[in-house]
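Sequence order for the protein chains is G and F.
Residue numbers for the first sequence follow our numbering, so the first one is 1 and each next one is one higher.
Residue numbers for the second sequence follow our numbering, so the first one is 1 and each next one is one higher.
For every residue, glycine included, the Cβ atom is placed at its ideal position computed from N, Cα and C.
For clarity, every value in this text was computed on a predicted model and none was experimentally measured.
Here the structure is laid out as structure tokens; the discussion comes afterwards.
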Amino acid sequence: MSPSDYICLLPLIILALASVIVMLVIVAKGSHKTIQFVSLALFALAFASLFPEAVPLPHAVPPLLLMDRFGAFVIALILLSGGVVCLLSYLYFEGKEEGPKEYYLLLFLCSLGGGILAISQHFISFFLGLEILTIALYALIAYLKSRPKAIEAGIKYLVLAAFSSAFLLMGMALIYMEVGNMSFAGMSGAIRDAPSLPPLFLAGLTMLLVGVGFKLAVVPFHMWAADVYQGAPIPVTALIATVSKAGVLAVLIRLFLALEVLSFPRAALGIGLLAVASILVGNILALQQKNIKRLLAYSSIAHLGYMLVGFVPGTRQSFESLSFYLVSYILATLTAFGIIACRSSKSEESELLKDYQGLFWSHPKEALILTISMLSLAGIPLTAGFTGKFYLLLATLEPDYWALAFVLVLGSAVGLYYYLRVITTLFGSYPIQENTPSLPVTSFYILCLSLIGMLAILTIVLGIFPSPLIEYIRGIWIS
Amino acid sequence: MILLSLIVLLMLGGALSYLSERLNPYAPRWVALLTTLTSFVLVIIFWLGHYHRFTLSPAPNWLEEFRLEWIPTFGISFHLAIDGLSLILLALTCFLGLLAVLCSWREIQERTGFFYFNLLWILAGVAGVFMAIDLFLFYFFWEIMLIPMYFLIGIWGGHKRVYAAYKFFIFTQASGLLMLLSILGLYYSHGQLTGHYTFNYTELLGTTFSDPRGFWLMMGFCIAFAVKLPLIPFHAWLPDAHSEAPTAGSLLLAGILLKTGAYGLLRFVLPIFPVQAMEIATPAMWLGVTGVLYGAFLAFSQTDLKRLIAYTSVSHMGFVMMGLFAFNELALQGVVMQLITHAISTGALFLLAGMLKERLHTRDIGQMGGLWTRMPQLGTLGLVFALASLGLPGFGNFVAEFLILLGSFEAHRWHTVIAALGLVFSAVYSLRIVQKIFLGPQNRYGVLADFTHRERLMMGILAISIFWLGLFPQPVIHTARPAIVKLVELLSKESDTAYQPYYEPK
Numbered sequence: 001m002s003p004s005d006y007i008c009l010l011p012l013i014i015l016a017l018a019s020v021i022v023m024l025v026i027v028a029k030g031s032h033k034t035i036q037f038v039s040l041a042l043f044a045l046a047f048a049s050l051f052p053e054a055v056p057l058p059h060a061v062p063p064l065l066l067m068d069r070f071g072a073f074v075i076a077l078i079l080l081s082g083g084v085v086c087l088l089s090y091l092y093f094e095g096k097e098e099g100p101k102e103y104y105l106l107l108f109l110c111s112l113g114g115g116i117l118a119i120s121q122h123f124i125s126f127f128l129g130l131e132i133l134t135i136a137l138y139a140l141i142a143y144l145k146s147r148p149k150a151i152e153a154g155i156k157y158l159v160l161a162a163f164s165s166a167f168l169l170m171g172m173a174l175i176y177m178e179v180g181n182m183s184f185a186g187m188s189g190a191i192r193d194a195p196s197l198p199p200l201f202l203a204g205l206t207m208l209l210v211g212v213g214f215k216l217a218v219v220p221f222h223m224w225a226a227d228v229y230q231g232a233p234i235p236v237t238a239l240i241a242t243v244s245k246a247g248v249l250a251v252l253i254r255l256f257l258a259l260e261v262l263s264f265p266r267a268a269l270g271i272g273l274l275a276v277a278s279i280l281v282g283n284i285l286a287l288q289q290k291n292i293k294r295l296l297a298y299s300s301i302a303h304l305g306y307m308l309v310g311f312v313p314g315t316r317q318s319f320e321s322l323s324f325y326l327v328s329y330i331l332a333t334l335t336a337f338g339i340i341a342c343r344s345s346k347s348e349e350s351e352l353l354k355d356y357q358g359l360f361w362s363h364p365k366e367a368l369i370l371t372i373s374m375l376s377l378a379g380i381p382l383t384a385g386f387t388g389k390f391y392l393l394l395a396t397l398e399p400d401y402w403a404l405a406f407v408l409v410l411g412s413a414v415g416l417y418y419y420l421r422v423i424t425t426l427f428g429s430y431p432i433q434e435n436t437p438s439l440p441v442t443s444f445y446i447l448c449l450s451l452i453g454m455l456a457i458l459t460i461v462l463g464i465f466p467s468p469l470i471e472y473i474r475g476i477w478i479s
Numbered sequence: 001m002i003l004l005s006l007i008v009l010l011m012l013g014g015a016l017s018y019l020s021e022r023l024n025p026y027a028p029r030w031v032a033l034l035t036t037l038t039s040f041v042l043v044i045i046f047w048l049g050h051y052h053r054f055t056l057s058p059a060p061n062w063l064e065e066f067r068l069e070w071i072p073t074f075g076i077s078f079h080l081a082i083d084g085l086s087l088i089l090l091a092l093t094c095f096l097g098l099l100a101v102l103c104s105w106r107e108i109q110e111r112t113g114f115f116y117f118n119l120l121w122i123l124a125g126v127a128g129v130f131m132a133i134d135l136f137l138f139y140f141f142w143e144i145m146l147i148p149m150y151f152l153i154g155i156w157g158g159h160k161r162v163y164a165a166y167k168f169f170i171f172t173q174a175s176g177l178l179m180l181l182s183i184l185g186l187y188y189s190h191g192q193l194t195g196h197y198t199f200n201y202t203e204l205l206g207t208t209f210s211d212p213r214g215f216w217l218m219m220g221f222c223i224a225f226a227v228k229l230p231l232i233p234f235h236a237w238l239p240d241a242h243s244e245a246p247t248a249g250s251l252l253l254a255g256i257l258l259k260t261g262a263y264g265l266l267r268f269v270l271p272i273f274p275v276q277a278m279e280i281a282t283p284a285m286w287l288g289v290t291g292v293l294y295g296a297f298l299a300f301s302q303t304d305l306k307r308l309i310a311y312t313s314v315s316h317m318g319f320v321m322m323g324l325f326a327f328n329e330l331a332l333q334g335v336v337m338q339l340i341t342h343a344i345s346t347g348a349l350f351l352l353a354g355m356l357k358e359r360l361h362t363r364d365i366g367q368m369g370g371l372w373t374r375m376p377q378l379g380t381l382g383l384v385f386a387l388a389s390l391g392l393p394g395f396g397n398f399v400a401e402f403l404i405l406l407g408s409f410e411a412h413r414w415h416t417v418i419a420a421l422g423l424v425f426s427a428v429y430s431l432r433i434v435q436k437i438f439l440g441p442q443n444r445y446g447v448l449a450d451f452t453h454r455e456r457l458m459m460g461i462l463a464i465s466i467f468w469l470g471l472f473p474q475p476v477i478h479t480a481r482p483a484i485v486k487l488v489e490l491l492s493k494e495s496d497t498a499y500q501p502y503y504e505p506k
């Protein structure tokens with residue numbers, strides 16, 4: 001490996017080293033606060049090393065990795081999510097029954113896995129990244145092991161993830177058997193001139209999609225989502241909803257682009273059906289949820305459906321819109337989970353909708369931030385979510401995919417109902433009995449709240465002035 | 001610049017009212033009053049200053065324009081412009097905004113800051129809708145006005161407020177999304193034809209469509225506007241929203257939010273899709289006629305005063321639909337008049353309903369009766385606006401409905417004959433209001449206060465305006481004429497009949 005390779009991969013190297021550093025700090029009996037600050041600094045360092053001036057992008061590290069502007073963009077999103085989750089974790093784990101220190105180590109591993117996925121070019125790095133990500137997640141989900149739902153959620157995720165990895169591996173094996181190559185570029189050469197996809201390849205691709213579908217929790221592979229979202233600690237739920245989805249989506253985009261699979265109508269149809277099913281089922285299941293974590297789980301299923309819609313046209317514009325939507329989704333999701341984490345007390349998570357009754361009148365800032373996040377997820381103008389949805393529709397209608405556009409619109413209309421339900425609760429009348437003890441306002445609470453507030457403001461800014469981000473994303477996809 | 005400053009003024013005023021609540025719970029209403037008053041004065045000064053420009057030669061154009069690049073990648077610009085039509089509706093918006101602040105003066109005692117914030121942001125959104133001529137921007141404002149209205153109904157409404165607020169929001173938002181699809185379809189139709197992708201209204205005019213595509217694109221717009229109007233069968237949200245909303249909410253809903261639907265049809269559907277609009281003219285007029293009669297019937301059978309008034313809106317908006325699809329100058333002038341007079345007369349009735357509710361704590365007209373002797377001033381004005389609503393000559397509503405019927409008689413004779421029956425029904429329900437509430441045996445209510453000064457002021461202004469519009473409607477007709485004539489010329493070009501002016505003003 002040449003020095004420029006190292007410079008290019010520096011963010012990932014820092015993430016890998018970070019887990020070792022955190023271990024050393026634990027050995028040195030650093031306090032929770034010390035570990036927190038060290039972790040935050042490491043996230044910031046990784047972020048800073050992301051756009052090296054010395055090495056022009058794209059820069060390939062053959063045969064496994066390719067660092068290009070898209071990869072850097074996704075890694076930036078992953079690091080942002082990781083950093084926010086890290087900050088929330090202090091608030092959440094401080095004073096909890098379980099020692100929180102090893103938690104940070106797993107957090108770094110998770111981000112590392114996502115980062116590898118984002119720049120992988122090869123089945124090996126694909127699988128490697130995915131396993132680093134998931135294995136860290138098993139432990140994270142079941143981290144508070146004395147809580148009744150945690151072990152259940154962890155086991156559920158373990159079984160399903162192992163199951164889906166098996167599918168994924170089998171799919172990869174079948175594809176390898178057909179084309180005799182495991183790098184994305186090599187595979188594309190083997191099938192480029194085929195009039196239709198070879199059956200073995202198609203079977204492999206389908207199994208691979210099943211595996212990825214489990215990780216993304218798209219319908220019909222979504223059964224685990226609500227239980228795991230509910231059982232996991234709140235920061236971990238935020239991590240599942242952002243880092244793991246962004247990484248897996250990124251590698252899927254790379255694979256599909258390299259193989260030009262979408263020019264085959266059958267593959268496009270398959271993705272389209274997954275998208276439609278996720279949008280409809282996700283939105284409908286979310287309608288009656290009384291638990292906000294479960295509600296967000298189903299809503300994330302629907303949002304993944306929206307993003308899969310962006311795959312179907314297979315045009316440059318559709319991938320641009322997908323990237324923009326990913327940003328808006330991650331911002332809104334982080335804000336929502338951030339507020340939930342802030343509102344939770346030491347012994348109990350405030351995860352029921354009724355815990356938020358009339359929050360606007362007692363805690364206007366928190367309620368306002370959560371409202372912005374809900375409006376963005378619902379796709380109401382003035383928020384990034386609207387711009388994202390608009391962009392997606394624009395891309396879908398360019399080649400006249402009216403049916404998909406209709407499903408997207410129908411899904412948004414259904415989705416309105418439950419997002420509004422959250423907002424109505426926030427602005428509803430104040431609860432009569434006032435027995436919930438008010439949470440202590442620590443400096444970390446203020447720090448977290450201002451950070452989440454900034455994300456919310458960013459959501460609004462991207463809703464009003466989306467041009468810079470749009471131009472940036474176009475720049476990514478032109479190269 | 002006045003266009004942008006109007007929106008900014010209302011939005012800033014809203015933010016200020018919210019913040020001023022910390023100083024004093026009564027501060028927000030003064031801030032709101034000052035904001036709406038300033039905006040109203042601004043618009044009136046602008047109107048008077050440009051009054052000489054409402055002529056047919058030179059060819060009518062925008063009075064004022066403001067343009068800023070927004071998302072150039074997609075051909076989206078922040079483009080505001082007004083002509084006579086939008087100016088009238090803007091003035092109406094500011095006028096009703098002022099009244100809405102005044103009528104909430106006592107009614108809203110809780111969370112005043114957030115209330116006036118929402119109120120002013122509704123006005124800002126509606127003002128934006130009337131000014132935007134970039135379709136993306138139009139959709140943007142179209143959605144923006146919904147959220148504060150949702151809060152207004154959902155927080156300060158009656159017992160079933162949450163249900164009503166949901167219903168309002170989901171109906172309008174879902175139909176709005178269909179419009180968004182149509183806007184995008186239009187964008188691509190125009191772009192593929194000319195190679196120039198834009199959301200600019202003036203450039204999108206004159207786009208030609210392949211056969212079924214144009215029809216469906218128009219339907220997307222039509223459904224969004226028909227829900228807002230509301231047109232049978234999309235009216236289900238209206239009675240609930242109106243009856244549960246606080247007085248200011250009902251006033252703004254009836255007075256300006258419904259008008260955005262009619263404005264959308266006038267500004268976008270007819271000019272952009274003239275051929276397709278002519279194809280659906282007959283069924284559209286039937287729907288209008290059905291609305292006139294159905295609304296009147298249901299209004300007659302209501303016992304809840306606010307629901308009753310809500311159904312009269314359905315009936316009056318049926319006339320608007322008829323006038324729009326008659327495609328001639330008389331009928332379209334009637335539509336513009338109807339938009340204003342309906343806003344004033346129905347708004348006044350909602351204010352009266354609010355005042356009665358404040359005094360009697362009920363909206364059930366079965367429990368009222370004999371109130372004239374207790375509150376003679378309120379009774380008199382109740383009679384005035386009931387008569388206005390039934391279209392008695394001398395009131396603005398008469399002018400409006402007469403012009404619509406005259407115009408549509410020429411276009412579709414039998415539709416008009418049947419719709420004219422609606423006038424009879426409206427007499428029946430209007431007189432029922434007066435008889436049930438103000439006449440008849442007295443019910444057991446204690447001391448009832450008549451108008452306060454504030455209420456007298458509001459109702460006085462409204463009564464004067466409705467009389468003025470009935471006796472001297474020319475300023476409105478004069479202002480709207482260039483825009484209407486332009487539209488009729490455009491439509492007659494499509495139907496091969498030359499445009500014949502009805503009259504030549506000196």
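Look up Met459/F in the DSSP assignment and say whether it is helix, strand or coil.
helix
Kindly list, in the order they appear in chain G, the residues whose Cβ is closer than 7 Å to that of Ala174/F.
Ala413
By alpha-carbon positions, which one of Leu168/G, Ser165/G, Tyr138/G and Pro148/G ends up nearest to Gly154/G?
Nearest C-alpha to Gly154/G among Leu168/G, Ser165/G, Tyr138/G and Pro148/G: Tyr138/G.
Select from the stretch 366-396 of chain G all residues with a C-beta closer than 7 Å to any C-beta belonging to chain F, and list them in chain order.
Ile380, Pro381, Leu382, Leu393 and Leu394
Let me see if you follow: with CB-CB separation under 7 Å, is Val409/G close to chain B or not?
The question asks about chain B, but that chain is absent: this structure's protein chains are G and F.
Taking Ala480/G as the query, report the chain F residues whose CB atoms sit under 7 Å from its CB, ordered along the chain.
The first residue shown for chain G is 1 and the last is 479, placing residue 480/G beyond what the model contains.
Closer than 7 Å by C-beta to Thr303/F: which residues in its own chain qualify, once you throw out the five before and the five after it? Chain order, please.
These residues qualify, in order along the chain: Asp364, Ile365 and Gly366.
What whole-angstrom Cβ distance do Leu174/G and Leu200/G have, given they're in contact under 8 Å?
6 Å
Using the three-state DSSP reduction, which class does Met1/G fall into: helix, strand or coil?
coil
Leu63/F - DSSP class collapsed to helix/strand/coil:
coil
Can you list, in chain order, the residues of its chain with a C-beta nearer than 7 Å to that of Gly470/F? Leave out the 5 residues immediately preceding and following it.
Gly394, Phe395, Gly396, Phe398 and Val399
Since Glu69/F sits in a beta bridge, which residues does DSSP pair it with?
Note: Glu69/F sits in a beta bridge opposite Ser77/F.
What would DSSP say about His222/G, mapped onto helix, strand or coil?
Residue state for His222/G is assigned as coil, using DSSP reduced to three classes.
Cutoff 7 Å: Leu416/G Cβ touching any chain F Cβ:
Closer than 7 Å: yes.
Cutoff 8 Å; reference Arg69/G; Cβ partners in own chain excluding five residues on either side:
The beta carbon of Arg69/G sits closer than 8 Å to those of Leu57, Pro58, Gly475, Ile476 and Ser479, all from its chain and outside the five residues before and after it, given in chain order.
Can you name the residues of chain G whose CB is closer than 9 Å to the CB of Gly75/F?
Under the 9 Å cutoff, chain G gives no residues; its nearest Cβ is about 11 Å from Gly75/F.
Just curious, the beta strand (DSSP E) that Leu65/G is in, first and last residue?
Start and end: Leu65 to Met67.
Beta carbon of Gly249/F, beta carbon of Leu351/F: below 7 Å?
Going by C-beta atoms, Gly249/F is not nearer than 7 Å to Leu351/F.
Buried versus exposed call for His316/F [16 or more other C-beta atoms within 10 Å across all chains shown]:
Residue environment for His316/F: buried (at least 16 other C-beta atoms within 10 angstroms of its C-beta).
Taking the straight line between their C-alpha atoms, what separation do you get for Leu65/G and Ile253/G?
15 Å
For Phe140/F, go through chain G and note every residue whose CB falls closer than 9 Å to its CB, in chain order.
Pro381, Leu382 and Phe386
Under 7 Å Cβ-Cβ, which residues of chain F neighbour Leu45/G?
Chain F residues near Leu45/G: none, gap ~34 Å exceeds 7 Å.
Please look up how many angstroms separate the CB atoms of Leu135/F and Ile183/F, rounded, as I've assumed it's under 8 Å.
5 Å
Would the beta-carbon of Phe54/F fall within 7 Å of that of Pro482/F?
yes
Between the CA atoms of Phe300/F and Leu308/F - distance to the nearest angstrom
7 Å
Indicate whether at least one CB of chain G lies closer than 7 Å to the CB of Tyr188/F.
yes
Roughly how far, in whole angstroms, is the beta-carbon of Lys228/F from the beta-carbon of Leu258/F, given that I think they are within contact range, below 8 Å?
6 Å
Ends of the alpha helix (DSSP H) at Ala203/G?
Pro199 to Leu216
Local Cβ density within 10 Å of Thr72/F, reported as buried at 16 or more and exposed below that:
The question names Thr, but residue 72/F in the sequence shown is Pro. Exposed: under 16 other Cβ atoms inside 10 Å.
Minimum C-alpha distance to Val417/F - residue among Ser426/F, Leu405/F and Val428/F
If we check each option's Cα against that of Val417/F, Leu405/F comes out closest.
Could you say which of Tyr157/G, Ser125/G, Ala136/G and Arg147/G lies nearest to Met172/G if we only look at CA atoms?
Ser125/G
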